[in-house]
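K.L.:
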Amino acid sequence: MRNVESPEDETVEEIIEKYVRAGKIVSKIRKNATKRVKIGESLFEVAKQIEEQTIKEGCKPAFPTNISRNEEAAHATPTKDDTAVFGEDVVKIDLGTHIDGYIADTAVTIDLAGKSDLVKASEDALESAIKKLHAGINTEEIGATIEETITEYGYKPIANLTGHGLARYNQHAPPTIPNVRIGHGTILEEGDIVAIEPFATDGAGRVVEGYTKEIYRLVEEKPIRHPIARKLLSQLQEYRTLPFAKRWLTGERIDFALHQLEKAQIIMGYPVLKDADGGLVSQAEHTVIITENGCEVLTK
Ligand code: MN
Ligand code: MN
143 MRNVESPEDE TVEEIIEKYV RAGKIVSKIR KNATKRVKIG ESLFEVAKQI
193 EEQTIKEGCK PAFPTNISRN EEAAHATPTK DDTAVFGEDV VKIDLGTHID
243 GYIADTAVTI DLAGKSDLVK ASEDALESAI KKLHAGINTE EIGATIEETI
293 TEYGYKPIAN LTGHGLARYN QHAPPTIPNV RIGHGTILEE GDIVAIEPFA
343 TDGAGRVVEG YTKEIYRLVE EKPIRHPIAR KLLSQLQEYR TLPFAKRWLT
393 GERIDFALHQ LEKAQIIMGY PVLKDADGGL VSQAEHTVII TENGCEVLTK
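Residues in the sequence shown are numbered from 143 upward in steps of one, following the working numbering.
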């Protein structure tokens with residue numbers, strides 16, 4: 143089992159139990175949130191409800207709720223005083239919960255734009271990838287299956303977004319799970335916990351960074367001189383090495399403090415990622431545990 147790094151008093155069974163519990167909870171929250179996404183509904187309210195329900199269920203958000211629309215593929219999240227509402231959009235909700243750092247990561251696309259085929263392409267790709275999973279499979283084969291399925295629908299997979307392993311307090315641990323055939327890979331082992339997340343688009347099949355940045359993560363703790371930045375840094379401790387949203391922070395001159403911390407390479411930001419040609423994007427994601435003969439989907 144890869145990526146098991148835990149306090150010494152925890153057994154593998156206890157760790158897996160936490161992953162399983164985080165998965166059940168996040169999937170229940172995803173189902174509730176899916177019902178709430180309608181034209182005219184506020185993005186902020188949907189994100190807030192997801193994050194509040196996460197706490198109520200005894201978990202913590204593993205990262206800010208991503209609500210990415212249309213050409214946005216990932217890393218969009220509402221701002222503190224966001225007034226945006228859903229229109230005729232292709233809406234991706236990507237959410238995660240963790241228990242003691244053990245993360246379940248899942249995403250769904252809600253079609254408010256009459257693009258059901260695009261949504262089906264990524265759902266179907268996820269399903270075919272899951273069917274292939276078992277201990278001993280090369281991740282290269284997963285990428286090939288995803289690419290093939292999405293291409294059959296007449297869309298492109300997004301080549302520079304990938305699935306990933308999950309480790310304690312680490313949302314993007316090895317191995318990388320490609321969404322296209324890349325010609326090399328990693329053999330999955332029994333007990334590996336991985337997130338599979340195909341993206342389908344009618345655009346370029348490649349994302350580029352936008353300007354908006356609302357999500358950050360601590361990368362390295364270093365001394366920082368400016369008192370306002372120092373104060374914010376102490377507030378960030380509770381997220382450890384997991385991503386956090388600007389809207390979660392309190393205090394004065396947050397933009398300034400974030401800028402100082404980013405300049406000192408203490409934190410890094412996640413700009414919104416968009417299809418390079420502005421195409422519409424759909425996404426589907428599950429966290430699974432690899433078993434000898436298959437896998438168990440933790441976020442069903
Ligand atoms: Mn995700
Ligand atoms: Mn993920």
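Every residue, glycine too, gets a C-beta built ideally from N, C-alpha and C. Keep in mind that this is a model prediction, so the values were computed, not measured.
1. What would DSSP say about Gln379, mapped onto helix, strand or coil?
2. Going by alpha carbons, who is nearest to Leu391 out of Lys373, Leu254, Glu404, Ile408?
3. When every heavy atom of ligand 1 is checked, does at least one fall within less than 6 Å of the C-beta of Glu427?
4. Can the beta-carbon of Thr248 be found less than 7 Å from the beta-carbon of Thr433?
5. For Gly428, count neighbouring Cβ atoms within 10 angstroms of its own Cβ and tell me buried if that reaches 16, exposed if not.
6. At what residues does the alpha helix (DSSP H) containing Glu443 begin and finish?
7. For Ala267, count the other beta carbons within 10 Å of its own beta carbon; 16 or more makes it buried, fewer makes it exposed. Which is it?
8. Can you give the Cα-Cα distance for Ile300 and Phe341, rounded to whole angstroms?
9. Starting from the C-beta of Ile171, find all residues in its chain whose C-beta is less than 8 Å away, skip the five residues before and the five after it, and write them out in chain order.
10. Within a Cβ cutoff of 8 Å, which residues of the same chain sit near Met410, ignoring the five residues on either side of it in sequence?
11. Compare the beta carbon distance of Pro320 and Thr304 with 7 Å and say whether it is the shorter of the two.
12. Specify the secondary structure class of Ala216 as computed by DSSP and reduced to three states.
13. Determine the extent of the alpha helix (DSSP H) in which Ile300 is found, giving its start and end residues.
P.N.:
From the atom records:
1. helix
2. Lys373
3. yes
4. no
5. Reading off the sequence shown, one finds His at residue 428, where the question assumed Gly. It counts as buried.
6. In the structure displayed, the chain extends from 143 to 442; residue 443 sits before or after that span and is not available.
7. buried
8. Cα-Cα distance, rounded: 6 Å.
9. Ile192, Gln195, Thr196, Glu199, Leu237, Thr239
10. Tyr358, Arg359, Val361, Glu404
11. yes
12. strand
13. Unbroken run through Ile300: none, as it is neither H nor E.
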